[in-house]
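Q: Those sequence lines, one after another, are chains A and B.
Under the working numbering, the first sequence is numbered contiguously, ending at residue 635.
Under the working numbering, the second sequence is numbered contiguously, ending at residue 1377.
Ideal Cβ placement from N, Cα and C applies to all residues, glycine included.
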Amino acid sequence: MRLSFILFLFVTANVLANTDVSAVMDSITLDDVTVVSDYRKFQAGAKIDRIRSEKLQHMPEAGLDQALMRLSPIYVKGNAGGLATIRFRGTAANHTAIKLGGLNINSLTLGHANASNIPTYLFDDIHLQYGGASAINGSGSIGGTVYLEQKSMWTKGQRMNFSSTVGSFGEQFYGSKIYLGNGHWESVTKAYLFRRENDFYFNNPYHENYYTNPQPVREKQQGAAIENKGLMQQFNYRFDPAATLQSTFWYEDSWHEVQPNMQSNSPTVPELHNKNFRSWVGYDNKKNPVSFKLGAGYVHDEQLYQKNEDQLIVTDRLVAEAAAGYKLAPDKELKAGVLYKYIVPEVYAYSKDVIDYEQQLDLYLSYYFEPVENLKATVNVRQMLVTNFKAPFTPALLLEYKAAGTSKQQLSVTGGLSRSYRIPTFNDRYWGVQGNPNLKAEEGLNAEAGFSYLRQMGHNHLKAKVNLFYMDVDNWIQWSPGSIDWEARNINRVVSKGLELQLQSLFHLGPLETEWGGNYSFNPVHDKDQNDKQLIYAPRHSGNFYGDLKWKAAGLSVDASYTGERLHNKVGDSLPAHFLTNLSIWYRFNYRQQSLRLSAQVLNLGDVDYQNEAYYAMPGRSFKLSISLDLHNNK
Amino acid sequence: MYAKNSIFHFSSKALWSLALVAALGFSACSDDNDDQPQQEVNEEISGAYFLNYGSYGNGGASITRYNFRKDALTNKYFEAQNPGMTINSNIQYGAAYKDTIYLMGNSADELISLDLHFKPTGNAVREGIEKPRFFVGQGDYLYISCWGANPDWSEMPDSYIAVYNTKTRKVENKIALPGGPEGLALAKGKLYAALNYRPQVAVIDLNSEAIAYIDLPAVSSYFVSAPNENLYLALVSTYGDPSDAAGLAYINTTTDELEDNYVLQGVSTSYASILSANNDASTLYLTAEAWEDAGDGNWVQKGAIYSFDTESGVFEEFVTGLTGAQGAAVNPINNDVYILLSASATEAGSVSIYNAEGVHQKDLSVGISPYWTLFLD
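(1) Quick check: is the beta carbon of Lys1302(B) nearer than 8 Å to any beta carbon in chain A?
(2) Short of 7 Å in beta carbon distance, which residues of its chain neighbour Ser266(A), apart from the five on each side in sequence? Order them along the chain.
(3) List the whole-angstrom C-beta distance separating Lys376(A) from Ala44(A), where the pair is believed to meet the contact cut-off of C-beta under 8 Å.
(4) Check whether chain B comes within 8 Å of Ala447(A), counting only Cβ atoms and requiring the distance to be less than that.
(5) Kindly list, in the order they appear in chain B, the residues whose Cβ is closer than 9 Å to that of Tyr367(A).
(6) Quick one: which chain B residues come within Cβ less than 8 Å of Ser496(A)?
(7) Which bits of chain B does Tyr206(A) rub up against, with CB to CB less than 8 Å?
(8) Flag this pair as touching only if the segment 1134-1147 of chain B and the segment 1064-1081 of chain B have three or more C-beta atom pairs under 8 Å; answer yes or no.
(9) Just confirm the distance between the C-beta atoms of Glu252(A) and Glu271(A), as a whole number of angstroms; I'd bet it's less than 8 Å.
(10) Looking at the strands, I want to know which residues DSSP matches up with Met232(A).
(11) Report all residues from its chain with a CB closer than 6 Å to the CB of Ile28(A); omit the five preceding and five following residues, and keep chain order.
(12) So is Thr212(A) in contact with chain B if we call contact Cβ pairs under 8 Å?
(13) Cβ of Gly132(A) less than 8 Å from any chain B Cβ?
(14) Measure the C-alpha to C-alpha separation of Leu122(A) and Lys190(A) and round it to an integer number of angstroms.
(15) With DSSP as the reference, label Asp284(A) as helix, strand or coil.
(16) Buried or exposed, going by whether 16 or more other CB atoms sit within 10 Å of the CB of Tyr591(A)?
(17) Out of Ser1282(B), Ser1237(B), Ala1210(B), Val1203(B), point me to the one whose CA is closest to Thr1254(B)'s CA.
(18) Please report the Cβ distance between Trp476(A) and Glu442(A), rounded to the nearest whole angstrom; I am assuming they are in contact, meaning their Cβ atoms lie under 8 Å.
(19) Can you tell me which of the three DSSP states Thr155(A) falls into?
(20) Using a C-beta to C-beta distance shorter than 7 Å, which residues of chain A count as neighbours of Pro1370(B)?
(21) Buried or exposed: Gln303(A), going by 16 or more other Cβ atoms within 10 Å of its Cβ?
(22) Can you tell me the Cα-Cα spacing of Tyr350(A) and Tyr357(A), whole angstroms?
(23) How big is the Cα-Cα spacing for Gly282(A) and Leu100(A)?
(24) Of all the residues that make up the segment 1304-1328 of chain B, which are near chain A by a beta-carbon distance shorter than 9 Å?
(25) Hey, how far is the Cα of Tyr348(A) from the Cα of Asn203(A)?
(26) Chain A beta carbons: is any one of them nearer than 8 Å to that of Thr1100(B)?
(27) Taking 8 Å as the CB-CB limit, is Pro1178(B) close to chain A?
(28) Report the three-state DSSP secondary structure of Lys1167(B) (helix, strand or coil).
(29) Where do the N-terminal and C-terminal ends of the beta strand (DSSP E) with Asp428(A) fall, by residue?
(30) Which ranges would you report for the beta strand (DSSP E) in the segment 306-343 of chain A if only whole runs of at least 3 residues count?
(31) Whole angstroms are fine: how far does the CA of Val217(A) sit from the CA of Val1263(B)?
(32) Alpha helix (DSSP H) containing Glu149(A): first to last residue?
(33) Between the segment 421-437 of chain A and the segment 403-412 of chain A, do at least 3 Cβ pairs fall closer than 8 Å?
(34) Is there a Cβ from chain B that is less than 8 Å from the Cβ of Asn544(A)?
(35) Helix, strand or coil: which one does DSSP assign to Gln208(A)?
(36) Is Tyr615(A) buried or exposed, if buried means 16 or more other CB atoms sit within 10 Å of its CB?
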């Protein structure tokens, strides 16, 4: 199976690159190619990183927030587990699109998703696209996009995985995956349960006797419990290698206590309960020269605060998509598509006179071509039509040039210019009397350039990437005091620019395999007319490092992250930089096709006392033990 | 906001200073001033103090001192007076009572006590204080409106008045008062509570704790006292309790009846100094909306401060075209009007100073979300 997988990549890479050398390189560097989605194909040279399933296996209990904080340089703002939002390149939480197939799963009322409610256990890979990509992904993809990937294994027989983790502060995780199939059809059932009391000890400088004793006092965190559970069912059918029907049905139930700040540390806190149902069915036919896909989905999002049914927030949406592609030549492909959404919000604070439903229609066109040898180019254009709203036209041009290449090394240069946008959320437009239905869309201009170098040395390789970017986001929406109350207004213009460095290496030393890598980001981001003031919760410097050591059936992993100093308000108060290190060891027992994996993790090895969100405690050193059983009965 | 029971506040120290200076000064006084006591200013405390709320749950609260006589501004005044310390909770309200400044803190919910130099007089009190909103003082007690630990933001069934003993520094009693009491006032031995989630004023007999109610055409927020101990009350229209009767209510505290309702659309729903009065309460200032012609027949909604003549009962626009207006306060020394403006929950706010005729004097940059002003002299 592994061989056929590589072969598939080889063929795909050959089509893209059209040179034998490049095809060889691409087939070995697995993280350059995705199996399921074609967003890479029509975004030549876009910076898209992958968090592989092998990495995610080390932390089956982790939510998307934890995975990003540990394995990427992307800043995630959040507290001890209840709420976390992703901020690419200094942008806001609602500038990150989170895609599951054809669905953007962000809340339509808030504009973002809670990253701690997205369990990585349910997904096979996570891909991270940096920079605006609204031409491909639509509204909201201004800072970046997270793609939640599910591989189609086309199981022959049965495969099962059962995983469990117990950890500090009352943490428990139980997960199972069951794959059934005969190579043509496949059923994948995944379920999980995650709980954490979050009753960690921390040093509280803001205790109740502070005014006579300013010294920190050791306290136990209260009111921060979490319980998330979910079920995902996939039914997939492969008519032939080029024609598939895939469906995903995902129910998520997430509950947490709203963690109090350190000043208020108390067990009497509000609760937030989210229930989400996301479904998508898609038919994909890639037969040359014409390919097409059809898809439809339904999403139900529900949020209940403090068990108050009178203040239930619900949105329902039906989504349908159709796209067709035509291969004009081996080096030219055109794709056109349409995406339709019918959305019904049921929110107590919206007046039915103002909003009853909304329709959205995206029209998009993508063109891939190779104008000269070794140069790939893509042009994407998108126009969104929304009931009672004007969305901007969004073009994007991306280029990737293989500047030099041999059988052992390859240098690519990339560049791109794109527009991005986000239409205001329902809350921005319709909340009570403060919402503003006349808000304009936020609009971004994204320019990017970079190069990547790959050196292959037998089974070893070294990769380096450098990216420079510039983003200008206008009409940034902010809630602030208006005429007599808080209002949503287009009042900001923000410039984000920077440099990103990435290194990744894989080396074999006899039976020992070592992989290490790291990222560094320098990202000044400020209001357009305030060059010297970094935006709040946007670290100027950040980075991460990871290292894996594998020897036969055992392994040792370390990951570390650095988050630079960041302002938490605009009057100069800041959070100091912090450096966190995590360590894990594991051992896999193999018996024929079955395996049992035992692992132990130590998080925050240095027991660092830090805050990720001002005034909210974070746990110190903690421990986890995991067990994962893989059973195979492949025919 | 200065103490409700005096036009401006004399501290004990100031009184002694005053006595001393007066004794020395008599020998130098001219014949014309022999019968007039010298009013000396306590340079250490004199000024307007802006209470900056900060950002709920994320700190940022602060005090800004403005010595208006010397035109000297000190931001983060609490930190300047107490090196190494900050105000931990968000300042929902503050005022001086009997030589002590009390701050109602949110997140953490607590009552902070400071001397007139803004130094803590002890630990903050948290027991019995749950989402404190406002207070008034009488004798040894403070009466504090509280919304309870887990408000439902709809009926507010668990809100109450905390009865705090300033000597023992403890909440001795809680008077259950559903409906979300906000502003408070004392008149004729009774405690009046403006209910922000019910269109009523609660009238509490402080001896028996019996509660009577005055029905109103809208929910309400804050009081100012009229010279005869009657009360003016800001009426507001909210999304949950809409009303066409927003404006000012006039309560007769002898009969406990609503005597008049002066309508003004778009009164601010902010929990800040939206209603204030000059020295003799002849003129009130109310924060509300005003529409401005932006050209081409396009009207935009802005904030404004309206003056209200208590004699004629007429509103007039005092200052218009405001964004982020949280309220206003009148300097009791020179009758200047201080308009508090908030840019956002993370940026510095500002105070625009106008004279009594509405002519702009100057702007000050203060802390995040200035809500109230305390005048000390």
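A: A quick look at the data gives this:
(1) Yes, contact with chain A.
(2) Shown here for Ser266(A): same chain residues with a beta carbon closer than 7 Å to its own, the five before and five after excluded, namely Gln222, Gly223, Pro260 in chain order.
(3) Between Lys376(A) and Ala44(A) the beta-carbon gap is near 4 Å, inside 8 Å, which marks them as a contact.
(4) Closer than 8 Å: no.
(5) Chain B residues near Tyr367(A): none, gap ~42 Å exceeds 9 Å.
(6) Scanning chain B for C-beta atoms nearer than 8 Å to the C-beta of Ser496(A) yields nothing, as the closest lies near 18 Å away.
(7) Those within 8 Å of Tyr206(A) in chain B are Asn1088, Ala1108.
(8) Touching, no, given that fewer than three Cβ pairs across the two stretches are closer than 8 Å.
(9) Contact annotation, Glu252(A) with Glu271(A): C-beta distance approximately 16 Å; criterion of less than 8 Å not satisfied.
(10) For Met232(A), which the question treats as bridged, DSSP gives the partners Lys190(A), Trp250(A).
(11) Any answer about Ile28(A) is weak, because its pLDDT of 32 lies below 50 and its placement is not dependable; what the coordinates show is given next. Residues of the same chain with their beta carbon placed closer than 6 Å to that of Ile28(A) are lacking, with the five preceding and five following residues left out of the count.
(12) Interface flag for Thr212(A) against chain B is set, since a Cβ pair is found closer than 8 Å.
(13) Chain B contact via Cβ: absent.
(14) Approximately 6 Å, taken between the alpha carbons.
(15) Judged by DSSP in its simplified three-state form, Asp284(A) adopts strand.
(16) Burial check for Tyr591(A): the Cβ neighbour count within 10 Å stays below 16, so the residue is exposed.
(17) Answer by Cα proximity: Val1203(B).
(18) Contact holds; Cβ gap of about 6 Å.
(19) Coil at Thr155(A), not helix or strand.
(20) In chain order: nothing, as chain A lies at least about 11 Å away.
(21) Buried is the call here.
(22) Approximately 11 Å between the Cα atoms of the pair.
(23) A straight line joining the alpha-carbon of Gly282(A) with that of Leu100(A) spans about 12 Å.
(24) For the segment 1304-1328 of chain B, which is checked against every Cβ of chain A, the residues closer than 9 Å are Ala1304, Leu1322, Thr1323, Gly1324, Ala1325, Gln1326.
(25) Looking at the two C-alpha atoms, the distance is approximately 40 Å.
(26) Thr1100(B) does not count as touching chain A.
(27) So no, Pro1178(B) is outside the interface.
(28) In the displayed model, Lys1167(B) falls within coil according to three-state DSSP, outside both helix and strand.
(29) Taken as a continuous stretch (DSSP letters only), Asp428(A) belongs to no beta strand (DSSP E), being part of the alpha helix (DSSP H) at 426-430.
(30) For the segment 306-343 of chain A, whole beta strand (DSSP E) runs of length 3 or above, ordered along the chain, are 313-329.
(31) Using only the alpha carbons, I get a separation of about 52 Å.
(32) Counting along the chain, Glu149(A) falls outside any alpha helix (DSSP H), though it belongs to the beta strand (DSSP E) covering 144-149.
(33) Result no; under three Cβ-Cβ pairs closer than 8 Å.
(34) No Cβ of chain B is located within less than 8 Å of the beta carbon of Asn544(A).
(35) The displayed chain sequence assigns Glu, not Gln, to residue 208(A). In the three-state DSSP reduction, Glu208(A) falls in the coil class, being neither helix nor strand.
(36) Buried: at least 16 other Cβ atoms inside 10 Å.
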